[in-house]
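The structure appears right after this line, and notes come after that.
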Amino acid sequence: MRGSLAAAPAALPVPRPAEEPAEPTDPSAAGPTGGESPTAAEWAAAVAAIKNLPADATVLLACHVTPDGDALGSVLGFGLGLRRLGCRDVRASFPGPPEVPEPFRTMPGLDLLVPADQAPTDPDLMLCFDAASAGRLGELADRMGPTTIVLDHHASNTRFGGIHLVDPTAAATSVVAERLLEMLGVELDAEIAECLYIALVTDTGSFRFDMTTPAVHHLAARLLATGIAPAEISRRIFDSRPFGAVRLFGEVLGRAELEPSVAGGLGLVWTYATLDDLARFQQRPYVLEALIDAVRCAEEADVACVVKQVGEQEWAVSMRSKGGVDVARVAVALGGGGHRLAAGFTGRGTAQEVVAAIRRELNAQRPEDQG
Ligand code: 5GP
Ligand code: MN
């Protein structure tokens, strides 16, 4: 017999469990600086700020530069929710070039997006998603007024903005966004659910990573019950890329280096991709986001890095840990941020110089510091 969820008609909503299972209590799971979940007062302040808005208020939703599935999914899902509440002037934006990566181009709510230079300068309310610091909002940071709600799940969040809904125990920012939508009385529909599901599968690595709690699966069940198509979504977001990108991956993976002695013997595996690589294979930068998942498979290394050229002497660095090393510490030390097991920063110099800085930082961290 098929499971009752699979057999359930799409329109049948899955209720939130009366007793939501506890989130992980291991403080190391929260990241390098620990961090508390939002208080009842913080939730209430956010709900009040939104409920008190007149219908013609200008609302700006923003997420971090080079948005990933969690950033875009949270922004668009929440933006659609605000529309359902009757907000007429909802705009969403992210800093930098206003290019939506190909895998996200069929997401619901894309019509909410405006280029950063067209984002309202003085919104009545601003909401920021998945950004650990104001710097991650680039040129949109100066749009923040007295009423700014920050929805995030980075333990390294700097507590910028006015109302903080920062939950380091949440698997994705979309978990925080969905909770606020529920408190506002917004019912999940298939469009909102698709956005929030993309966010959830992105940040949980399709329910493989350590924050994949029972509550995450309960949320996934509620999202799927709206009738969205998980296989089609996953193929589009994770398992689909141009043939040129397949060949580019071959070349970039072929130059990966394994350094078993780094990080007190825990090991580092790394590779890099240049703008010239992208040009030779006629690929857009977004295709490189999936590289880290191929590199981190190397079982001989706890830490994996991909160094992606974004300018003459500028590199976007993705780091992952299997648990032995807190890569958020490394990223923060090098000017970036992230989570204990997934973090990043912008490096300067040559690729080799950027890797040398990572190696130095990994070797400097004493094993007893690690979570
Ligand atoms: P990814 O490697 O997937 O780009 O990012 C992994 C994690 O590190 C995400 O939580 C992301 O927000 C964070 N991250 C990546 N790059 C940067 C950066 O340049 N600065 C900061 N503060 N965080 C970053
Ligand atoms: Mn996230």
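Under our numbering, the first residue of the sequence shown carries the number 4, and numbering increases by one thereafter. Using N, Cα and C, we set each Cβ at its ideal position, and we do this for glycine too.
Which value, in whole angstroms, describes the spacing of the CA atoms of residue i and residue j?
i	j	result
ALA196	SER136	27 Å
LEU291	GLY164	31 Å
ALA95	CYS198	14 Å
TRP46	MET147	19 Å
ALA224	LEU294	29 Å
ILE53	THR42	17 Å
ASN366	PRO263	12 Å
THR109	ILE166	31 Å
ALA346	GLY340	6 Å
ALA194	PRO123	For clarity, residue 194 is Glu in the given sequence; the question names Ala instead. So the two alpha carbons sit approximately 25 Å from each other.
TYR200	PHE212	15 Å
LEU85	MET129	12 Å
THR151	GLU302	43 Å
Quick check on residue i: buried or exposed, where buried means 16 or more other Cβ atoms within 10 Å of its Cβ?
i	result
PRO149	exposed
ALA232	exposed
ALA51	exposed
LYS311	buried
VAL330	buried
ASN160	buried
ARG299	buried
ARG182	buried
VAL78	buried
ARG162	exposed
ASP59	exposed
GLY37	Because GLY37 carries a pLDDT of 48, less than 50, the predicted location of this residue cannot be relied on, and no value is offered for it.
Please tell me whether residue i and residue j are closer than 8 Å, where the distance is taken between their beta carbons.
i	j	result
GLY327	LEU344	no
LEU154	ALA180	yes
SER209	GLY76	no
LEU56	CYS90	yes
ALA202	GLY72	yes
LEU143	GLY112	no
LEU269	ALA297	no
ASP114	THR61	no
THR277	VAL309	no
GLU364	LEU337	yes
MET214	ALA158	no
LEU226	PHE81	no
SER321	ASP305	no
LEU168	ALA49	yes
THR353	ALA319	no
GLY279	GLU254	A small correction: the amino acid at residue 279 is Asp; Gly does not occupy that position in the sequence shown. Result no, Cβ atoms of ASP279 and GLU254 do not sit closer than 8 Å.
THR229	VAL219	no
Give the single residue among the options whose Cα lies nearest to the Cα of residue i.
i	options	result
VAL68	ALA119, ASP59, LEU261 and PRO57	ALA119
PRO245	LEU365, MET110, GLU105 and HIS220	GLU105
ASP133	ASP114, HIS156 and LEU183	HIS156
VAL272	ASP279, LEU261, ALA282 and ASP280	LEU261
GLU102	ALA319, GLY339 and TYR289	TYR289
VAL333	LEU88, VAL17, MET129 and ALA307	ALA307
ARG283	GLU356, PHE107 and LEU251	LEU251
GLN286	ALA248, GLU254, GLU302 and ARG258	ALA248
ARG19	GLY138, VAL93, LEU191 and ARG86	LEU191
GLU235	ARG87, PRO98, THR172 and VAL204	VAL204
ASP145	PRO98, LEU187, VAL17 and ASP170	PRO98
Can you look up residue i in the DSSP assignment and give me helix, strand or coil?
i	result
GLU190	coil
THR205	helix
ARG94	strand
ARG363	helix
ALA307	strand
ASP71	coil
ILE231	coil
VAL103	coil
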